[in-house]
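Q: Numbering (the working numbering), first residue to last: 180 to 512.
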């Protein structure tokens with residue numbers, strides 16, 4: 180894992196529906212000789228190689244965050260949660276408020292001190308973002324307005340030289356994995372067509388992937404996304420034990436026969452691989468609903484949808500190795 184490249188994609192803000200900045204970063208990182216396609220929703224798609232059957236890899240660009248819904252008379256900002264933002268994540272946080280011009284402005288979400296608290300209601304209904312302004316006019320003069328957005332301040336931590344923890348690994352590690360795979364495959368004589376898609380609006384209902392599934396129909400689809408661990412449901416799946424085949428979640432089942440073939444393929448190649456069941460859903464669901472076989476490729480992520488999302492760097496490297504082998508050698512069942 181190249182931590183500098185990971186930092187590049189992780190630190191770019193972009194909540195659901197406002198992916199323009201992360202899309203620009205991804206386009207900047209795509210090899211110059213390749214011409215990407217951008218659809219009306221903002222999905223980025225690339226096709227390389229020739230022949231059938233074709234396979235596709237996808238990762239979503241959007242992250243969870245807060246949509247600014249208005250400016251109060253005292254200059255603070257009201258907001259709406261976008262995506263699965265846990266209530267407990269909101270209180271006492273540093274935020275980056277992103278204006279329509281792309282400027283980042285410091286903000287904080289406060290908390291009533293225990294010395295003054297009469298009740299424990301700290302739901303998002305009672306919270307606001309403070310940008311240091313004392314009036315609506317002053318806040319607006321800072322360039323902040325309704326429909327701007329805020330993301331949680333990001334700090335990257337390297338733990339024991341094995342793990343990396345930072346907000347928005349979901350799904351920026353997937354975005355980077357596609358970029359790293361593309362860099363490898365452009366130098367390779369491919370035996371089939373390989374499609375890459377960086378999708379929008381996954382966190383609120385797979386919107387970008389639903390549109391994409393109406394337009395492309397690969398023989399096999401691999402969404403590359405997070406596997407929420409670690410709980411009784413997810414069993415022994417842990418960061419550090421290899422990439423994960425996310426064979427079941429709340430809304431889908433990966434193709435069983437394809438999953439078994441991938442397990443055999445990984446065993447033959449000596450790749451570590453875990454198989455798991457978790458919650459949530461992936462961009463593979465609309466493709467499956469259109470009759471395309473799909474198996475989600477994942478990394479085990481601790482603390483998913485928090486400021487300390489946590490993956491193994493070795494797992495990431497093994498995921499890219501597996502993806503390269505699936506693109507170049509795997510026989511589609």
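For every residue, glycine included, the Cβ atom is placed at its ideal position computed from N, Cα and C. Predicted model only: the values in this text are computed from it and were never measured.
Does residue 315 come out as helix, strand or coil in the three-state DSSP assignment?
A: Three-state DSSP puts residue 315 in a helix.
Q: Is residue 506 buried or exposed, if buried means 16 or more other CB atoms sit within 10 Å of its CB?
A: Residue 506 should be labelled buried.
Q: Note down the Cα distance separating residue 288 from residue 265, rounded to an integer number of angstroms.
A: Going from the Cα of residue 288 to the Cα of residue 265 covers about 14 angstroms.
Q: Spell out the partners DSSP gives residue 216 in its beta bridges.
A: According to DSSP, residue 216 bridges with 224.
Q: Rounded to the nearest angstrom, how far is the Cβ of residue 186 from that of residue 382, given a contact under 8 angstroms?
A: 21 angstroms between Cβ atoms; not a contact.
Q: As a quick exercise: from 488, 318, 470, pick the residue whose alpha carbon is nearest that of residue 337.
A: Comparing Cα-Cα distances from residue 337 to each of 488, 318, 470, the minimum goes to 488.
Q: Measuring CB atoms only, is the stretch 413–426 touching the stretch 438–454, in the sense that at least three cross pairs come out at less than 8 angstroms?
A: Yes: at least three Cβ pairs fall under 8 angstroms.
Q: Less than 8 angstroms between CB atoms is the rule here; does residue 346 satisfy it with respect to chain C?
A: Note that chain C does not occur in the displayed structure, where there is just one protein chain.
Q: Inspect the CB distances between the stretch 343–350 and the stretch 402–419 and report whether three or more fall short of 8 angstroms.
A: Segments in contact, yes.
Q: For the stretch 345–414, list the beta strand (DSSP E) runs that are entirely contained and at least 3 residues long, ordered along the chain.
A: Here the runs fully enclosed are 373–378, 399–407.
Q: Is it buried or exposed, residue 497, if we count other Cβ atoms within 10 angstroms and call 16 or more buried?
A: It is buried - the Cβ of residue 497 has at least 16 other Cβ atoms within 10 Å.
Q: Out of curiosity, what's the CA-to-CA distance linking residue 320 and residue 342?
A: Distance between the alpha carbons of residue 320 and residue 342: 42 angstroms.
Q: Can you give me the C-alpha to C-alpha distance between residue 271 and residue 255, rounded to a whole angstrom?
A: For residue 271 and residue 255, the distance between alpha carbons rounds to 15 angstroms.
Q: If you count every other CB in all the chains shown that lies within 10 Å of the CB of residue 192, and 16 or more means buried, which is it?
A: Burial call: buried.
Q: Hey, residue 502 and residue 476 are a contact pair by Cβ (cut 8 angstroms); roughly how many whole angstroms apart?
A: So it is a contact: roughly 7 angstroms between Cβ atoms.
Q: Since residue 249 and residue 280 should fall inside the 8 angstroms C-beta cutoff, what is the C-beta to C-beta distance between them, to a whole number of angstroms?
A: Not confirmed; about 19 angstroms, so no contact.
Q: What three-state label does DSSP hand residue 446 in the structure shown?
A: Reduced to three states, the DSSP call for residue 446 is helix.
Q: If we count the other Cβ atoms within 10 Å of its Cβ and call it buried at 16 or more, is residue 459 buried or exposed?
A: Buried.
Q: Leaving out five residues on either side along the sequence, give the residues of the same chain with a beta carbon under 7 angstroms from the beta carbon of residue 226.
A: Hits under 7 angstroms: 372, 374.
Q: Given a threshold of 16 other Cβ atoms within 10 Å of its Cβ, counted over all protein chains shown, does residue 328 qualify as buried or as exposed?
A: Classification for residue 328: buried.
Q: Answer with buried or exposed for residue 465, where buried requires no fewer than 16 other C-beta atoms within 10 angstroms of its C-beta.
A: The residue in question, residue 465, is buried, as its Cβ has 16 or more Cβ neighbours within 10 Å.
Q: Shortest alpha-carbon distance to residue 243 belongs to which of 456, 391, 189?
A: It is 189.
Q: First and last residue of the alpha helix (DSSP H) that includes residue 186?
A: Note, residue 186: alpha helix (DSSP H), 182–189.
Q: To the nearest whole angstrom, what separates the beta carbons of residue 365 and residue 213, a pair I think is in contact under 8 angstroms?
A: Going by Cβ atoms, the distance from residue 365 to residue 213 rounds to 7 angstroms, so yes, they are a contact pair.
Q: Quick one, which of 251, 234, 223 has its alpha-carbon nearest residue 241's?
A: Taking only the C-alpha atoms, the option nearest residue 241 is 223.
Q: Let me check one thing: in DSSP terms, what residues is residue 257 bridge-paired to?
A: Residue 257 is bridged to 249.
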